[in-house]
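**Student:**
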Amino acid sequence: MGGLTPLTTIDFPGRLAAVVYCQGCPWRCSYCHNPELLDATAPAAMPWPQVRVFLESRRGLLDGVVFSGGEPTLQAALPAALAEVRAMGFATGLHTGGMYPERLAGLLPLLDWVGLDIKGPQHRYDAITGVPGSGGRAWESLGLLVASGVAHECRTTWHAGLFPTEELQVLGNTLANAGAVRWKVQPCNVGGDPTAARPQKSEQGSHVVS
Ligand code: SF4
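Here the UniProt record's numbering is used: the first residue of the sequence shown is 1, the next is one more, and so on.
Next up, the structure:
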């Protein structure tokens with residue numbers, strides 16, 4: 001695990017939750033908020049059993065646990081971890097970019113809420129993530145999520161350097177037509193040109209534990 005936030009009121013809507021950060025992500029968005037988590041082979045900040053001990057100590061105090069990253073669905077042990085968290089009595093949440101729709105499909109029965117990043121219109125994905133074909137995978141995940149009936153929120157990080165406001169407006173309509181029930185647009189936190197600072201695959205480090 002790349003780190004842990006013991007308490008959040010904003011990362012899992014309607015819940016007092018802990019955030020567990022998973023290491024590794026196959027995409028390289030220029031505006032990545034957690035670049036220190038991108039390398040799946042970097043030394044872990046803590047092992048899962050340590051997280052489990054922490055969660056045991058928070059039974060009755062927290063409502064939920066949200067897995068974030070990085071990209072949690074990269075990790076093969078995520079289904080087992082979600083099942084453990086549920087067995088402890090916590091609601092389960094997931095932050096994902098939707099790059100593994102086939103894995104997401106298997107995870108949905110274990111989830112109470114999903115925050116799905118929709119990085120833009122499908123044709124803008126390759127430029128934003130640095131990975132060809134990434135848009136199709138994310139939008140396939142959206143379809144699976146909507147069809148599942150699991151509570152969700154789509155989130156778009158936007159900057160005029162990524163795509164124009166006209167496309168942002170069309171994106172909102174496209175999401176509504178696709179059945180998304182909630183959409184949040186958040187400002188890009190990279191100063192200047194968000195396309196100029198793509199993190200490299202060699203970056204390593206651990207997420208700060210607070
Ligand atoms: S999908 Fe993009 S923003 Fe999210 S963790 Fe991966 S590189 Fe960062």
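No residue lacks a Cβ here, since even glycine has one placed at the ideal position from N, Cα and C. These figures come from a predicted structure and were not determined experimentally.
1) When you compare only the Cα positions, how much space is there between residue 73 and residue 175?
2) In terms of alpha-carbon separation, which member of 63, 40, 18 lies closest to residue 51?
3) For residue 184, is the classification buried or exposed, using 16 other Cβ atoms within 10 angstroms of its Cβ as the cut-off for buried?
4) Among residues of its own chain, excluding the 5 on either side of residue 12, which ones have a beta-carbon nearer than 7 angstroms to its beta-carbon?
5) Return the CA-CA distance between residue 101 and residue 58, expressed in angstroms with no decimal places.
6) Assuming contact is defined by CB atoms lying nearer than 8 angstroms, are residue 98 and residue 142 in contact in what I supplied?
7) Let's test the definition: count the other Cβ atoms within 10 Å of the Cβ of residue 182 and tell me whether it reaches 16, buried, or not, exposed.
8) Could you have a look at residue 155 and say whether DSSP puts it in helix, strand or coil?
9) Within the chosen definition, does the region 125 to 140 reach the region 19 to 35 through at least 3 CB pairs nearer than 8 angstroms?
10) What residue range is occupied by the uninterrupted beta strand (DSSP E) comprising residue 48?
11) Check residue 123 in the structure and name its three-state DSSP category.
12) What do you reckon, is the C-beta of residue 152 under 7 angstroms from a heavy atom of ligand 1?
13) Excluding sequence positions up to five away, which residues of its chain have a Cβ less than 7 angstroms from the Cβ of residue 110?
14) Quick one, what's near ligand 1 if you take every residue whose CB is closer than 5 angstroms to any heavy atom, in chain order?
15) Kindly indicate the opening and closing residues of the alpha helix (DSSP H) around residue 144.
16) Would you report the Cα separation of residue 120 and residue 76, rounded to the nearest angstrom?
17) Once the 5 residues before and after residue 123 are set aside, which same chain residues still bring their CB inside 8 angstroms of it?
18) According to DSSP, is residue 78 helix, strand or coil?
**Tutor:** Reading off the structure:
1) 22 angstroms
2) 18
3) With fewer than 16 other CB atoms across the displayed protein chains lying within 10 angstroms of its CB, residue 184 is exposed.
4) 64, 66, 93, 113
5) 31 angstroms
6) yes
7) exposed
8) strand
9) yes
10) Premise fails: residue 48 lies in the alpha helix (DSSP H), 48 to 57, not in any beta strand (DSSP E).
11) DSSP places residue 123 in the helix class (H, G or I) of the three-state scheme.
12) Answer for residue 152: no, Cβ out of range of ligand 1.
13) 79, 82, 83, 86, 92
14) 25, 27, 29, 32, 97
15) 134 to 148
16) Using only the alpha carbons, I get a separation of about 27 angstroms.
17) For residue 123, same chain residues with a beta-carbon under 8 angstroms away, outside a window of 5 residues either side, are 135 in chain order.
18) Taken through DSSP and simplified to helix, strand or coil, residue 78 comes out as helix.
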